[in-house]
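FYI, the numbering for the sequence shown is 7 to 427, going by the working numbering. The C-beta atom is built at its ideal place from N, Cα and C for all residues, glycine as well. All figures in this text were calculated on a predicted structure; none of them were measured in a lab. Working notes, beginning with the structure itself.
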Amino acid sequence: MRSIFLHLHPAKVDRSSIEFNRTFGLGGMAALLIVVQLITGILLRFYYTPVPGSAYASVVFTKNQVLFGQFIRNIHYWSGVFLLLIAFLHFLRVFLTGAYREIRTKNWLFGLLLLVLIVFLNFTGYLLPWDQLAYWAITVSTNMIGYLPLIGESLRTTIIGGTELNADTLRTFFTFHTAVLPLLLLLLVFYHFWRVRKAAGILMPEAQEKPEMIPVVPNLVFKEFIVALVLLAVVFLFSALFNAPLLEKANPAYSLNPTKAPWYFAGVQELLMHFHPIFAAFIIPVSVAAFLAWIPFLNYGQAPNGRWFISEKGLKSSVTTAKFAVIITLSGILFNEYILNFETSFSFLPAFVSNGIIPLLILTGLMAGYYQFYLKGQSLSKAELVQAVFVFIIVAFIILTLTGIFFRGKDMALTFPWRAF
Ligand code: HEM
């Protein structure tokens with residue numbers, strides 16, 4: 007046990023590295039939620055039947071007849087949601103403290119993979135109850151795959167095993183959700199932890215004085231214990247108060263209106279409302295993913311240094327960029343919805359141009375203007391400039407996601423949150 011423990015933690019740590027606001031304990035919280043997911047997932051598996059004819063009934067049975075069935079289902083649902091949110095926050099903290107370079111490059115890249123795995127664990131689990139919500143959310147999401155150029159349609163039919171969701175889709179999703187993805191996740195998490203140890207812990211700003219080394223037990227372990235208790239209390243409270251959604255049994259003949267993708271794909275679905283599918287479902291997401299993967303390999307000169315936002319200047323430019331991103335994204339959504347529909351206004355052009363190249367050029371022009379009139383004058387370092395681009399992308403993504411979840415109602419028209427569900 008002692009040697010397992012020492013693989014996770016060293017015997018002593020720098021006192022300032024375990025201050026709560028260095029990491030907010032987010033990595034540890036994600037790890038704990040994975041354990042909760044595994045335990046509750048195994049418990050749910052005892053009653054679940056992965057066949058369209060009986061999947062829904064088995065979930066209803068678990069919920070209504072099994073002792074603590076509803077509660078365990080709720081914990082599995084909410085800890086899945088929290089895991090994704092917390093892994094996302096952890097990814098933000100890692101970036102914003104500059105811990106993505108040199109010895110940490112691999113952990114940044116494998117971390118991105120972890121984030122993708124968690125999204126797909128949530129996604130494959132979404133279908134399993136086989137209710138209306140699951141059926142139609144997975145239908146719209148898998149339809150997005152069909153928009154990929156050349157291979158899109160055949161990829162979609164391969165993934166779902168036909169032209170619409172069926173018993174094969176459920177079996178494939180079930181296998182990925184309960185075997186392939188958890189296994190990959192566990193392997194990657196262990197590798198991730200090992201790399202954190204190999205990098206001698208988290209990235210710290212260069213200290214003026216010699217670091218004060220203190221024993222991990224009880225100093226760090228006590229803090230971890232408190233964080234774990236608070237997190238479990240929050241998950242249990244949510245699970246006691248809010249039931250995991252379950253509508254009526256899936257009915258392929260009757261679609262929900264609005265038909266929304268699961269919440270983590272709401273941003274892409276919102277993009278589809280404004281851009282040609284090739285841009286919304288392919289060019290923009292792939293460019294963002296490529297940018298994130300490319301971040302460690304830029305030649306930064308002066309390396310980011312473990313300080314939040316790099317410097318005062320870095321913080322100021324990030325805050326201004328975040329405000330700019332809010333304004334541009336919100337006004338873009340409203341302009342496109344109420345003032346100018348590119349596709350109908352320029353119907354003489356191919357949709358790829360009217361609804362893809364033109365809005366993208368406008369967006370690029372606005373960003374170039376922002377760079378010219380604000381960012382350039384701040385004489386930022388390369389790392390601070392990359393940070394500004396990162397902040398722009400993240401804030402725009404969050405606004406798109408929130409719009410998709412809370413402000414799209416019947417026929418996917420913009421509406422108020424109380425009419426959106
Ligand atoms: C299942 C998901 C994940 C788990 C369980 C996890 C766990 C951890 C833990 C426990 C640490 C030590 C410090 C801390 O708590 O922040 C850490 C550090 C780190 N993580 Fe993660 N992580 C996950 C996902 C990610 C993601 C999505 C990324 C980013 C793309 C990432 C990149 C990193 C990097 C680069 C470090 C080193 C940070 C530093 O040196 O300051 N991790 N992770």
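Leaving aside the five residues before and after residue i along the sequence, list all residues of the same chain whose C-beta is less than 7 Å from its C-beta, in chain order.
| i | result |
| --- | --- |
| residue 76 | 69 and 249 |
| residue 173 | 57 and 58 |
| residue 151 | 158, 161, 162 and 165 |
| residue 311 | 104, 211 and 212 |
| residue 183 | 127, 130, 131 and 134 |
| residue 257 | 138 |
| residue 298 | 118 |
| residue 115 | 299 |
When you compare only the Cα positions, how much space is there between residue i and residue j?
| i | j | result |
| --- | --- | --- |
| residue 54 | residue 282 | 39 Å |
| residue 331 | residue 25 | 31 Å |
| residue 335 | residue 38 | 35 Å |
| residue 419 | residue 84 | 28 Å |
| residue 47 | residue 82 | 7 Å |
| residue 338 | residue 215 | 49 Å |
| residue 231 | residue 393 | 33 Å |
| residue 239 | residue 36 | 15 Å |
| residue 292 | residue 362 | 15 Å |
| residue 21 | residue 383 | 38 Å |
| residue 191 | residue 346 | 44 Å |
| residue 349 | residue 403 | 23 Å |
| residue 280 | residue 369 | 12 Å |
| residue 285 | residue 156 | 14 Å |
| residue 89 | residue 307 | 35 Å |
| residue 247 | residue 374 | 47 Å |
| residue 125 | residue 324 | 27 Å |
| residue 388 | residue 343 | 36 Å |
| residue 440 | residue 45 | Outside the shown range of the chain, which is 7 to 427, sits residue 440, and nothing can be said about it. |
| residue 18 | residue 226 | 9 Å |
| residue 71 | residue 62 | 14 Å |
| residue 15 | residue 229 | 13 Å |
| residue 79 | residue 410 | 26 Å |
| residue 123 | residue 235 | 26 Å |
So what does residue i bridge to, in DSSP terms?
| i | result |
| --- | --- |
| residue 20 | 219 |
| residue 137 | 255 |
| residue 420 | 414 |
When you measure from the CB of residue i to every non-hydrogen atom of ligand 1, does any distance come out below 7 Å?
| i | result |
| --- | --- |
| residue 102 | no |
| residue 199 | yes |
| residue 195 | yes |
| residue 107 | no |
| residue 29 | yes |
| residue 202 | yes |
| residue 110 | yes |
| residue 97 | yes |
| residue 24 | no |
| residue 124 | yes |
| residue 299 | no |
| residue 93 | yes |
| residue 192 | no |
| residue 36 | yes |
| residue 158 | no |
| residue 59 | no |
| residue 389 | no |
| residue 411 | no |
| residue 45 | no |
| residue 208 | yes |
| residue 205 | yes |
| residue 40 | yes |
| residue 33 | yes |
| residue 117 | yes |
| residue 304 | no |
| residue 121 | yes |
Does ligand 3 have a heavy atom nearer than 7 Å to the CB of residue i?
| i | result |
| --- | --- |
| residue 113 | By its list of ligands, the structure shown excludes ligand 3, since it contains just ligand 1. |
Which same chain residues end up closer than 8 Å to residue i when comparing Cβ atoms and leaving out the 5 residues on each side of it in sequence?
| i | result |
| --- | --- |
| residue 99 | 29, 30 and 32 |
| residue 413 | 420, 421, 422, 423 and 426 |
| residue 437 | An answer regarding residue 437 cannot be provided, because it is not within the stretch 7 to 427 covered by the chain. |
| residue 401 | 327, 328, 331, 332 and 335 |
Note down, in chain order, each residue of its chain lying with its Cβ closer than 6 Å to the Cβ of residue i, except the 5 sequence neighbours on either side.
| i | result |
| --- | --- |
| residue 180 | 56 |
| residue 95 | 32 |
| residue 146 | 265 and 267 |
| residue 251 | 139 |
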